[in-house]
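Colleague: Following this message is one structure expressed as structure tokens.
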Amino acid sequence: MTPGLPQLPHTLVTAAADPAAGDSIGTPTLWAVSIAGVLLLVLLDFLLTRRPHEVSMKEAVGWSAFYIALPVAFGGYLWSQHGGTIGVEYYTGYLVEKSLSVDNLFVFMLLLAAFAVPRELQQRVLLIGVVGALALRGVFIALGAQMLQTFDWTFLLFGAVLLVTGVKLLKDALSGQDHTIDVSRMRSVRLLSRVMPVEDGYHSTAMTVRRPDRHAGRRALTPLALVTVAILATDIVFAVDSVPAVYGITGDPYLVFATNAFALLGLRALYFVLEGALSRLVHLGYGLAAILGFIGVKLVLHWAHGVWPSAPQVPTLASLGVIVGILAVVTATSLAATRGGRDAGGHDDAAHSEPHAVRGR
207 MTPGLPQLPH TLVTAAADPA AGDSIGTPTL WAVSIAGVLL LVLLDFLLTR
257 RPHEVSMKEA VGWSAFYIAL PVAFGGYLWS QHGGTIGVEY YTGYLVEKSL
307 SVDNLFVFML LLAAFAVPRE LQQRVLLIGV VGALALRGVF IALGAQMLQT
357 FDWTFLLFGA VLLVTGVKLL KDALSGQDHT IDVSRMRSVR LLSRVMPVED
407 GYHSTAMTVR RPDRHAGRRA LTPLALVTVA ILATDIVFAV DSVPAVYGIT
457 GDPYLVFATN AFALLGLRAL YFVLEGALSR LVHLGYGLAA ILGFIGVKLV
507 LHWAHGVWPS APQVPTLASL GVIVGILAVV TATSLAATRG GRDAGGHDDA
557 AHSEPHAVRG R
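Be aware that the sequence shown starts at 207, since it is given in the working numbering, and climbs by one per residue.
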């Protein structure tokens with residue numbers, strides 16, 4: 207067992223494992239190897255992006271295939287070593303996190319457009335966003351695990367968070383303004399702009415530059431610094447619903463970590479593969495609202511079962527079927543609605559990339 211982390215059991219018939227039972231597949235060796243592997247992959251990505259360049263489709267597809275094959279193979283290893291229950295929980299959690307990560311790409315895509323990030327610098331910004339998301343998810347996973355071990359009502363809290371988020375996503379999707387963020391009103395960007403002056407142009411991967419003598423040689427932020435801060439700020443919002451969502455599938459913090467890490471690591475490459483197709487997923491907001499709402503209800507029922515044993519629970523295998531079904535439906539309806547290059551509202555796809563219309567949960 208891993209010191210300091212609650213060890214949680216698994217069963218196909220519970221919404222999440224019981225934190226009080228003290229069981230987990232996360233041995234110290236498995237944790238150490240997994241964290242080292244994630245750090246090596248992040249380092250590899252930084253080495254690949256050390257020289258700014260425009261990403262080709264061949265490069266993006268190759269790395270995307272690698273980052274999909276890796277978690278699929280790892281799931282096979284978990285299945286063979288720990289049984290079908292763990293395997294189903296892992297694959298279901300990974301599917302949920304990957305679905306939510308595609309929503310992250312909407313934010314990244316439109317933030318990059320809003321700040322007019324040059325194409326050769328886009329993958330560096332995306333990688334910084336992924337690293338920030340990994341760090342924040344790690345904090346939320348640890349806090350969530352401790353809360354699940356200490357407070358029985360944590361399942362109810364997580365369920366409420368997901369239900370509220372799901373309702374918000376549904377309202378935004380119905381209003382036609384789903385995921386709207388006004389970059390000029392983002393508090394993090396406004397605060398940073400007040401602290402230091404901002405240069406108009408990009409200077410390769412530099413976050414700050416020294417201004418000319420007429421400005422007394424003061425250092426100034428580049429737009430790259432602003433877009434980086436904006437993406438890191440949105441990472442906080444994504445972590446709030448992503449971590450409770452996967453805790454609704456499994457109570458094992460190791461599986462929560464693994465599914466989050468694998469879902470995030472491939473985002474940099476996946477962005478360039480899906481860049482042209484993202485604007486066609488016009489019904490994704492409805493699908494994510496349904497998935498978060500479903501998992502929210504699942505967590506509430508799990509809490510209720512602890513109070514009233516007669517309360518029903520949702521099997522993890524059934525959850526997998528529901529999630530796959532929802533994603534299949536919204537993907538099909540989105541593609542049908544945008545056939546011919548126009549969205550559900552009759553607008554050209556290009557309209558989705560205008561700088562002032564930034565999407566984000």
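From the three backbone atoms N, C-alpha and C, an ideal C-beta is built for every residue, glycine too. From a predicted model like this one, the values you see are computed outputs, not experimental measurements.
Counting Cβ pairs, one atom from each stretch, are 3 or more of them under 8 Å apart for the segment 317 to 332 and the segment 421 to 437?
Modeller: Yes, they touch.
Colleague: Is DSSP giving A412 helix, strand or coil here?
Modeller: Of the three classes helix, strand and coil, the one that applies to A412 here is coil, per DSSP.
Colleague: Cα separation between L427 and V404?
Modeller: In a straight line, the C-alpha of L427 is about 5 Å away from that of V404.
Colleague: Please name the residue or residues paired with T427 in a DSSP beta bridge.
Modeller: Note that residue 427 is Leu in the sequence shown here, rather than Thr. Paired residue(s): V404 and T414.
Colleague: Beta-carbon separation of Y453 and G350 under 8 Å?
Modeller: Against a cut-off of 8 Å, the Cβ pair of G350 and Y453 comes out as a contact.
Colleague: Taking 8 Å as the threshold, find out whether the segment 499 to 508 comes into contact with the segment 355 to 363 through three or more Cβ pairs.
Modeller: Touching, per the Cβ criterion.
Colleague: Return helix, strand or coil for R420, following the three-state DSSP convention.
Modeller: Residue confidence is low: R420 scores 49 on pLDDT, short of 50, so the model does not pin down where it sits. Its coordinate-derived value is still stated next. In this structure, R420 counts as helix in the three-state DSSP scheme.
Colleague: Counting only the same chain and skipping the five closest in sequence on each side, list residues whose C-beta sits under 7 Å from that of A475.
Modeller: Result list for A475: A266, W269, S270 and Y273, in chain order.
Colleague: Could you tell me the alpha carbon to alpha carbon distance between L484 and A543, rounded to whole angstroms?
Modeller: So the alpha carbons of these two residues sit roughly 13 Å apart.
Colleague: Quick check: what's the CA-CA separation for L317 versus T233?
Modeller: Using only the alpha carbons, I get a separation of about 39 Å.
Colleague: Which one of V308, V415 and P450 has the shortest CA to CA distance from M353?
Modeller: Among V308, V415 and P450, the Cα nearest to that of M353 belongs to P450.
Colleague: Should R533 go down as buried or exposed, given a rule of 16 or more other Cβ atoms within 10 Å for buried?
Modeller: Inspection of the sequence shows that residue 533 is occupied by Leu rather than by Arg. Classification for L533: buried.
Colleague: In whole angstroms, what separates the C-alpha of S410 from that of Q287?
Modeller: Each residue's alpha carbon lies about 46 Å from the other.
Colleague: Leaving out five residues before and five after Y297 in sequence, what residues of the same chain have Cβ atoms less than 6 Å from its Cβ?
Modeller: So the list reads G281, once near-sequence residues are dropped.
Colleague: Tell me which same chain residues have a C-beta within less than 6 Å of the C-beta of F463, skipping the five on either side of it?
Modeller: Excluding residues within five positions, the ones whose Cβ falls inside 6 Å are I347.
Colleague: Would you tell me roughly how many angstroms separate the C-alpha atoms of L494 and R416, rounded to the nearest one?
Modeller: Approximately 44 Å, taken between the alpha carbons.
Colleague: What's the C-alpha gap between L487 and N310?
Modeller: Near 13 Å, if we compare the C-alpha coordinates of N310 and L487.
Colleague: What do you reckon, are the CB atoms on L276 and A467 nearer than 8 Å?
Modeller: Not a contact, by the Cβ cut-off of 8 Å.
Colleague: Relative to the alpha-carbon of L369, which residue among V446, T414 and E326 has its alpha-carbon at the smallest distance?
Modeller: The shortest Cα separation from L369 among V446, T414 and E326 belongs to V446.
Colleague: Label I241 either buried or exposed according to how many other C-beta atoms from any shown protein chain fall within 10 Å of its C-beta, with 16 as the threshold for buried.
Modeller: So I241 ends up on the exposed side.
Colleague: Span of the alpha helix (DSSP H) holding W285?
Modeller: Unbroken alpha helix (DSSP H) run through W285: M263 to H288.
Colleague: Identify whether P234 lies in helix, strand or coil by the three-state DSSP scheme.
Modeller: Note: P234 maps to helix in three-state DSSP.
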